[in-house]
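Per this note's numbering, numbering through the sequence shown is continuous, rising by one, with the last residue being 990.
Just so it is clear, CB atoms sit at the ideal spot from N, CA and C, and this is done for glycine as well.
This structure is a prediction, so every number in the text was calculated from the model and none was measured.
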Amino acid sequence: MNSTSKETVPDNQPVLKAGSIKKIIDVTVFPSLRAVILFVAVFAWPFSLQAGSVKIQSRAQTVKLISTSVDSVSLVHLLDSLIIPGLAKYHIPGMLIAIVHDSEIVLTKGYGYADIERKIPFDPDSTVIRIASVSKLITGTAVMQLVDQGVLDMHQDVNSYLTRFKVESWPGKPMTLHHLLTHTAGIDDRTIGKSAWTQEGQIPLGDFLAARFPRRICPPGEVYMYSNFSNALAGFVIEQVMREDYAASVRRSILEPLGMKQSDYRLRPDLQPLLAQGYSHAGAGFQLNRFDFINDYPGGQMLSTAKDMAKFMIAHLQLGRYEGKRILSEESAAAMHTVQFTHQKELEHAVGYIVGILPARSQTILMHDGGYTGIGCRLCLCPESRIGFFVACNIMDGVLLGKVSRKILDLVIPEPPQDSTKYPLTPIPQYDKNIAAFAGTYRLSRYVHNDITKMGVLLGMSGPEMSIGKNDEGMILMDTYTGRPRRMIQIQPCLFRSIDDRYKCAFRWDASGTVTHLFMDGTTAFEKIPWYETTIFQRSLLGVCLLYFVLVSLVLPIIRKIRKMQKPSGLSADPVRWFAQKTTTTFLVYVLGLGFVAGFVVPQKELVLGFVHGIHWTAYIVQTIGLLGILFLAGLLGILFWRPVMSSDTKMGERVQPGGLGLVTALIGSVFVWFLWYWNLIGYQF
């Protein structure tokens, strides 16, 4: 294990020697009874370990006071008391943390295992972990470097930089880098086929974007919709103007100047043995997640260490400077950290260029999270306190990351003075009671709109919905986790405040005066949907259709057989009944096939992530069955439509009698096809 750094610190700052650091924060399991008892009590891992195999890795660098009351020795104890039991409680194999203050690294530390099978502990200096969407900060920094050089303009149409392909334009509103770096480009989400199992199988960035770039679903600059493709396109713009591979460009312009030697977008041979394994919690242990390679990699593929990320944080806290080297102008760094978009100025939360801006305490907090299968991480900067921290773990977790973040923020940034306002508000201020148009159901705008993975909304995996009601007093009622609705009054056109707490939200109208969006905060948008698009209605509709398909396909034939009512039912004998039964049976087989593929063929992780490694071949078979059902329905509708013409032939007219079965099947089948159309389930919309 490496010793602590030999950086000097001012005389008035407490210095902890390497030996004492080891005694305080390195825990080694010795084969003694006392050590074994301590190990079991503190670590309580859900998998067995042998004595002597575990060491909590620590690298305390320059140890300084980072607030008036907490030195780094106390900080280590506080973090240990939270993280060590937290790993066992929340089933997390291991965690990395780095804390910086001003221009120096205060603390880096590793907890638990980077590789359970090989019993390799997390080392903050050498363990490499994918930082997922925190990678987007690298892309944003690289773009701003080229803005500094006059190569890029944040407000220029991105198509002016693209020669490999052009993106779809919104009439009169071109897509710009400003939109890409604020997630306001107005493009749909898309996940199918975004990852490869090998680095060699990765699709070149330009080829992938040209083939898979999503459609635009709203004008740019209006609604915040977090987008991996926006960041990937910004990375490809860098490729186009620099005529250099994006990963190589970032390596040259950011990683090398900052001395981030163990960071890269590519899994280099020297990084392979240092890579932390990603896991999912499974039963009493952990399931290894196979490492994959992201095709839209600028926004999620960066590999780094806690120590390297500390250097990157210092560069941003120093407004683009690190150890005398400048990678970014102060103006561009400040622009990244300044509000560039919010849905409404009165609302909390905004976005700079890439980074989220949270004025949640007495100071502004800059934050970006990252999450993927087997990964969870967070980078946080507090520019006024000149504090930054990076936390990562090798499982997709948000609970412990959030607790660690709050603990650090509690230590370095005091909470603002207690709000003296008493709730509920009395008396209630004047407000506009014309609120009927705001009531309804709203769906989180970040979900796939245009391919088969829109079904994730129906399955409850994406696009959560919220109901907004109203009362007789002219207030809207918003659902809360407490089960008690929040009462809100309209204090400005489309701006509401709660009378039960300090919360505010806003709505947006379109040109026709129709409410289109609910903004829960400055970067969270919900789109208003009609009642027939709500998941509760759609699920009920599917249930009715399925019940009818089962009745006609399975129950009626059995009843007919029991009652000896079986009649010739071939196409020539009774075409209406023949097509009705074929339609219902085929649709029933289709739905069962979808359920079988989703429940037994496709791994659960693939389903949750949206088929990131591509569509399984069985899905093509199932979708073909769905098309066959539509053909049978078309045949039924054709016969029913042309029956008056056919009835002129007496014999044919006798055979073509619609009856209740034919008419009801035509109606239910048509409704089911509309259901399939709404969820992009007709054909091969992959």
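query	result
Helix, strand or coil at P879 [DSSP, three-state]	helix
Three-state secondary structure assigned by DSSP to L562	coil
C-alpha gap between M305 and M399, whole angstroms	Note on M305: pLDDT 36, under 50, position unreliable in the model; the coordinate value appears next. Computed Cα separation, rounded: 17 Å.
Neighbour-count burial assignment, V703, 16 or more Cβ in a 10 Å radius	exposed
Expected contact under 8 Å - CB spacing of A696 and I433 to nearest Å	5 Å
3 or more residues per run - each beta strand (DSSP E) lying fully within the region 656-685	660-662 and 669-676
Sufficient close CB pairs (3 or more, under 8 Å) joining the region 804-819 to the region 721-730	yes
Environment of Y465 [buried if 16+ CB atoms lie within 10 Å]	buried
Residues near N984 in its chain [Cβ-Cβ closer than 7 Å; skip 5 each side]	N754, D755, I756 and K758
Alpha-carbon to alpha-carbon, I661 and T486	11 Å
Boundaries (first-last residue) of the beta strand (DSSP E) holding R801	L799 to S802
Pairwise C-alpha distance: Y924 and A970	25 Å
Beta-ladder partner(s) of Q503, from DSSP	Looking at the DSSP assignment, Q503 forms no beta bridge with any residue, so it has no partner.
Whole-angstrom distance between T412 and V377, CA atom to CA atom	12 Å
Three CB pairs or more closer than 8 Å across the region 470-479 and the region 563-581	no
Rounded separation between A446 and V655 - CA only	18 Å
Three-state secondary structure assigned by DSSP to P720	coil
CB of V708 within 8 Å of CB of I387, strictly	yes
Contact check, V905 vs H920, beta carbons under 8 Å	yes
Under the three-state DSSP convention, the category Y836 falls into	helix
Residues that V819 bridges to, as DSSP identifies them	W813
Stretch-stretch touch, CB-based, cutoff 8 Å, three pairs: the region 822-840 with the region 766-783	yes
Contacts around F990, its chain only, beta-carbon distance under 7 Å, and the 5 residues preceding and following it disregarded	I496, D755, I756 and I919
Simplified DSSP state of E635, which is helix, strand or coil	helix
Spatial distance of G767 from W981 (CA atoms)	18 Å
Other residues of its chain near I507: CB distance less than 6 Å, five sequence neighbours each side excluded	N599
Cα-Cα separation between F616 and F694, rounded to whole angstroms	10 Å
L401 and V410 closer than 8 Å at C-beta	The amino acid occupying residue 401 in the given sequence is Ile; Leu does not appear at that position. In this structure, V410 does not lie closer than 8 Å to I401 by Cβ.
For K758, three-class secondary structure by DSSP	helix
Residues that S608 bridges to, as DSSP identifies them	I433
Closer than 8 Å to chain C by CB, A664	Looking for chain C here will not work: only one protein chain is present.
Residue range of the alpha helix (DSSP H) that includes K440	K440 to D452
Residue from I699, L379, I739 and V977 whose Cα sits closest to the Cα of L941	V977
Continuous alpha helix (DSSP H) stretch holding D511: start and end	L509 to R516
G589, DSSP secondary structure in three states	strand
Beta-carbon proximity of V893 to I862, cut-off 8 Å	no
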